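Below is one structure, written out as structure tokens; the observations come after it.
Number of protein chains: 2
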Amino acid sequence: MIHALSREIPVNIRFFNGRVIAFYGDSNIIDGGEVIVTGDTIAYCGDGKDSRYNEVCQGLSFDREMDLKGNVIMPGFKNCHTHSGMAFLRSMADDMKLEDWLNKQIFPREARLTADDIYYSTKLSVMEYLTGGVTGICDMYLMPEAIARATEETGMRCVQCGCVNNFSQSAGLLKEWYENYNKENSLTSFRLGIHAEYTCSEELLKEISTLVHEKKAPLYLHMSETEFEVQGCRERHQGLSPVEYLDSLGLFDYGALFFHGVHVTDKDLEIMKKRSIAVVTNPASNAKLASGIAPISRYLKEGVKLGIGTDGPASNNCLDMFREMFLTTALGKLKENDAAAVDAMEVLRIACSEGAEVIGLPECDSLAEGKKADLIVLDLFAPNMQPLNNIMKNIVYSGSKANVKLTMIDGVIRYEDGAFNIGEDPERIYSEVSRTVERINKEIEV
Amino acid sequence: MIHALSREIPVNIRFFNGRVIAFYGDSNIIDGGEVIVTGDTIAYCGDGKDSRYNEVCQGLSFDREMDLKGNVIMPGFKNCHTHSGMAFLRSMADDMKLEDWLNKQIFPREARLTADDIYYSTKLSVMEYLTGGVTGICDMYLMPEAIARATEETGMRCVQCGCVNNFSQSAGLLKEWYENYNKENSLTSFRLGIHAEYTCSEELLKEISTLVHEKKAPLYLHMSETEFEVQGCRERHQGLSPVEYLDSLGLFDYGALFFHGVHVTDKDLEIMKKRSIAVVTNPASNAKLASGIAPISRYLKEGVKLGIGTDGPASNNCLDMFREMFLTTALGKLKENDAAAVDAMEVLRIACSEGAEVIGLPECDSLAEGKKADLIVLDLFAPNMQPLNNIMKNIVYSGSKANVKLTMIDGVIRYEDGAFNIGEDPERIYSEVSRTVERINKEIEV
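Just so you know, the sequences run in chain order G and L. Taken in order, the first sequence gives residues 158 to 603; the numbers are from my numbering. Taken in order, the second sequence gives residues 158 to 603; the numbers are from my numbering.
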């Protein structure tokens with residue numbers, strides 16, 4: 158691998174002879190396409206036959222020129238909802254009722270987490286993102302410092318959001334993090350966020366509302382994931398749905414991002430449109446936990462902006478946007494009883510481009526001059542990607558992380574042909590996460 | 158790769174230091190396990206500490222000894238329902254209503270297929286199976302000679318079944334194939350099969366029933382895939398469901414294998430139990446085509462034997478048993494509204510072991526002495542498979558074809574670390590399938 162080893166040593170890279178899916182301009186694939194990266198930025202994307210290409214190339218020396226041999230180059234996937242630090246819990250407890258799972262298995266273990274535990278579990282998740290072509294994540298978990306350390310050291314672009322609730326974090330901490338973690342030119346950014354309606358007292362929600370108005374910022378939160386949650390809110394709050402109730406407190410006055418959004422009413426949808434609220438769908442998690450199927454077809458028709466996420470590794474259990482893309486369209490079809498619902502081309506656009514917009518990374522939504530160099534190369538010369546009848550549908554319906562040849566974030570190649578460039582030995586990360594598991598299991602037994 | 162290049166040159170291979178999932182005896186994983194293959198057969202599977210191990214090893218010289226370094230060795234997946242020859246149609250037409258898809262896109266193209274077209278498309282599908290750890294398939298398509306040529310040359314174990322209907326194949330051909338293709342020690346076997354109730358006249362079905370009774374053999378067929386199909390049968394046949402109607406013709410007197418089995422009634426289930434009928438579920442295809450979710454939980458409770466299949470590459474569009482395993486449990490949970498339904502451990506057992514039984518390959522259902530050497534090695538030292546809280550659940554919930562290190566069929570390593578041993582250059586197969594696409598598209602335009 159010849160590449161920039163870190164963000165401190167920027168390099169110039171030319172990709173040529175690719176099939177470019179730019180998500181910019183028309184939706185056609187550019188055959189024989191060229192992408193030029195200088196430092197952390199895309200300097201050129203096109204067919205290499207225009208005058209702009211010559212201008213950009215003039216005087217530029219390339220540290221690496223990579224023949225894509227007809228493979229796809231495109232913006233990376235945006236995993237718009239995850240809890241990376243839960244990787245230590247993968248396959249610890251599955252095939253259980255939701256409340257047993259949470260109360261008996263998850264919460265007791267999470268209560269014993271140290272910052273280092275979260276740091277290594279997050280690094281393990283980053284490795285998985287890189288193998289699957291994910292170049293940006295929206296992460297919600299405990300101890301933002303540990304998450305930021307892990308994602309910045311491994312080079313992952315990470316939008317964190319708060320997870321304030323009655324039991325951890327607070328409006329004060331949220332404000333502090335929001336002010337500290339939104340620096341320019343950082344891989345880390347931070348959004349106002351709460352866990353969910355059902356884990357926050359009204360007093361706490363009012364403090365958050367004050368902060369939302371002070372910062373004029375959207376609120377990120379789990380919303381209407383289960384019927385049980387919606388029903389509980391109606392019982393607690395004079396028949397209001399969680400969307401209605403939180404809106405009545407002014408929490409969505411500057412917009413919001415809903416994670417899940419499985420069970421919404423017509424009235425909820427009116428509020429969502431009025432407040433320009435976007436939704437991140439997590440189909441694998443919603444299926445595995447028997448929560449339901451989100452109304453994707455309806456969201457598309459109503460113009461609700463969408464992103465796609467994996468949810469955390471304890472509830473999914475894998476962090477694979479190929480699987481999520483397939484499920485977004487396939488479960489959308491099942492829900493509508495219509496094989497023509499939720500077109501795969503829309504799903505690919507959401508996974509790569511619109512997802513960037515909804516988590517607040519518009520600079521990473523396409524391969525266009527001036528955008529951040531967050532991109533991937535997919536191998537088309539593998540049996541699951543042949544023949545090339547429709548490359549974009551091949552990616553959604555048949556693609557696999559086995560097809561990811563290269564993942565670049567912020568101009569740095571972090572993964573290529575199975576090798577990682579993340580500043581640490583994978584074996585070390587595996588063994589540290591195993592140590593977390595062993596220690597916590599022992600503590601719980603005692 | 159040091160391996161048997163073909164079945165004609167059998168070799169002795171020792172796998173050691175593995176985690177063995179044998180699907181034989183108790184369900185525990187054997188740590189530090191050993192598997193010895195001589196020719197096409199498993200000569201030993203265990204912890205290497207018993208007297209049988211010494212007996213087997215005595216006087217045996219190994220052509221290769223492979224340190225598994227703690228990775229999993231287990232029986233390969235059985236893809237129990239597929240149409241391999243449809244690979245040329247992948248992503249040709251998706252996101253369409255079922256009848257438009259069939260009548261406007263699929264049927265006109267299939268009418269133009271030659272034996273060579275089917276031969277190369279089948280080879281392309283075999284490549285995909287090998288990358289995904291599939292060691293046996295149950296294939297239903299046109300021109301059995303072409304399918305057998307492709308699967309035998311590439312080394313895939315293939316149970317073919319007839320696809321008799323009003324428009325192609327016949328009872329006479331079915332009888333001929335059944336008599337010719339069930340030779341001992343062949344990778345190919347053949348079962349009686351029809352396309353479905355809705356494509357066969359009663360006259361034809363009676364001819365098939367005669368053949369079923371002559372051969373005393375079970376019938377393989379598409380069954381109750383869509384509500385439309387069930388409703389149509391009731392209208393055509395005095396209110397009988399397809400299960401009731403075909404049973405009344407004696408077609409299930411020697412058992413049957415149902416592909417899909419999505420829409421069945423209590424009465425159907427009684428017949429299925431009485432006739433010992435097994436079901437192959439195809440959850441990705443059933444979701445993508447909006448056909449529904451099969452009642453897996455009910456089947457498990459009623460003791461109906463199960464297999465898992467991908468269906469063909471035109472309707473899925475990928476041939477990935479990892480995706481199907483995840484969907485079998487996750488959609489089963491959604492259907493029952495119960496996160497504890499359809500345990501992943503059951504699903505893994507079905508995918509590897511019970512699937513072999515239902516398609517008639519009991520000699521390939523486990524890693525035990527005397528069984529056929531159809532096995533795979535899965536890499537656990539990849540981010541999606543760590544930590545090792547529960548290896549079998551990791552495989553079902555988080556596994557990916559990217560974790561398949563090695564696929565062996567009949568004692569021959571056909572795929573290892575990304576390289577194929579199938580007697581032909583992958584590029585040739587890709588280009589031949591592309592030629593099929595181009596030619597047929599041109600013929601249709603004219």
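A virtual CB, placed ideally from N, CA and C, is assigned to each residue, including glycine. Treat the numbers as computed from the prediction; the structure is a model and nothing was measured.
Collapsed DSSP secondary structure at residue i in the structure displayed
i, result
"Ile159(L)", "Only weak support is given to the placement of Ile159(L): the predicted model assigns it a pLDDT of 43, under 50, and the question is left unresolved by the model."
"Ser282(L)", "helix"
"Asp188(L)", "strand"
"Ser588(G)", "helix"
"Ala421(G)", "The sequence given here places Val at residue 421(G); Ala does not occur at that position. Three-state result, Val421(G): coil."
"Lys529(L)", "strand"
"Tyr554(G)", "helix"
"Glu222(G)", "strand"
"Met429(L)", "helix"
"His119(G)", "Summary: the structure shown does not reach residue 119(G), with chain G confined to residues 158 through 603, and so no result is reported for it."
"Lys340(G)", "coil"
"Arg391(L)", "helix"
"Phe409(G)", "coil"
"Gln543(G)", "coil"
"Arg596(G)", "helix"
"Leu524(G)", "coil"
"Gly242(L)", "helix"
"Asp582(G)", "coil"
Strand pairing of residue i, partner residues [DSSP]
i, result
"Lys235(L)", "Gly293(L)"
"Ser346(L)", "Val316(L)"
"Tyr201(L)", "Ile193(L)"
"Arg269(G)", "According to DSSP, which records beta bridges pairwise, Arg269(G) is partnered with nothing at all."
"Ile227(G)", "The residue asked about is misnamed: residue 227(G) is Gly in this sequence, not Ile. Paired residue(s): none; Gly227(G) is not in a bridge."
"Met380(G)", "His417(G)"
"Leu535(L)", "Val229(L), Val561(L)"
"Phe577(G)", "Tyr572(G)"
"Ala441(L)", "DSSP, once it has assigned bridges, lists no residue as partnering Ala441(L)."
"Val321(L)", "Ile351(L)"
Residue range of the beta strand (DSSP E) that includes residue i
i, result
"Arg571(L)", "569–573"
"Thr308(L)", "Where Thr308(L) is concerned, there is no enclosing beta strand (DSSP E), although the alpha helix (DSSP H) it sits in stretches over 301–311."
"Gly170(L)", "Note that residue 170(L) is Ile in the sequence shown, not Gly. From DSSP, the beta strand (DSSP E) with Ile170(L) extends over 169–177."
"Gly464(G)", "463–465"
"Ala435(L)", "435–438"
Residue span of the alpha helix (DSSP H) that contains residue i, given as start and end
i, result
"Lys490(L)", "478–493"
"Ile566(L)", "No alpha helix (DSSP H) holds Ile566(L); the beta strand (DSSP E) holding it covers 561–566."
"Gly512(L)", "512–515"
"Val504(L)", "501–506"
"Ala374(L)", "Note, Ala374(L): premise wrong, no alpha helix (DSSP H); not H, not E."
"Trp334(G)", "328–337"
"Pro399(G)", "399–405"
"Lys458(G)", "453–459"
"Ile209(L)", "Note that residue 209(L) is Arg in the sequence shown here, rather than Ile. Start and end: 208–214."
Review point. Can you list, in chain order, the residues of the segment 473–488 of chain L whose Cβ is nearer than 9 Å to any Cβ on chain G?
Key: Asn473, Asn474, Cys475, Leu476, Asp477, Phe479, Arg480, Phe483, Leu484, Thr486, Ala487, Leu488
Review point. Looking at chain L, which residues of the segment 523–547 of chain G have a Cβ within less than 8 Å of any of its Cβ atoms?
Key: Phe538, Ala539, Pro540, Asn541, Gln543, Pro544, Leu545, Asn546, Asn547
Practice item. Would you be able to state if there are at least three C-beta pairs under 8 Å between the segment 277–297 of chain L and the segment 248–255 of chain L? Key: no
Review point. Going along the chain, which residues of the segment 309–335 of chain L sit with their C-beta nearer than 8 Å to a C-beta in chain G?
Key: none
Practice item. Check each residue of the segment 242–270 of chain L: if its Cβ is closer than 8 Å to any Cβ of chain G, include it; give the result in chain order. Key: Ala244, Phe245, Leu246, Arg247, Ser248, Met249, Asp251, Asp252, Met253, Lys254, Leu255, Trp258
Exercise for review: Please confirm if the segment 201–221 of chain G is in contact with the segment 168–180 of chain G, defined as three or more CB-CB distances below 8 Å between the two stretches.
Suggested key: yes
**Study point:** Segment contact, 8 Å Cβ cut-off, at least three pairs: the segment 572–584 of chain L with the segment 494–507 of chain L
**Key:** no
Point to revise | Members of the segment 549–561 of chain L near chain G, C-beta cut-off 7 Å | key: Lys550, Asn551, Tyr554, Ser555, Ser557, Lys558, Ala559
Check your understanding: Got a sec: which bits of the segment 560–587 of chain G sit with their beta carbon under 7 Å from any beta carbon on chain L, in order along the chain?
Key -> Tyr587
Practice item. Tell me, please, whether the segment 463–470 of chain G touches the segment 433–451 of chain G by the rule of three or more beta-carbon pairs shorter than 8 Å. Key: yes
Review point. Listed from N- to C-terminal order along the chain, which residues in the segment 272–300 of chain G have their beta-carbon within a distance smaller than 7 Å of any beta-carbon of chain L?
Key: Leu281, Met284, Glu285, Thr288
Review point. At a cut of 8 Å, does the segment 412–424 of chain G reach the segment 375–382 of chain G through at least three beta carbon pairs?
Key: yes
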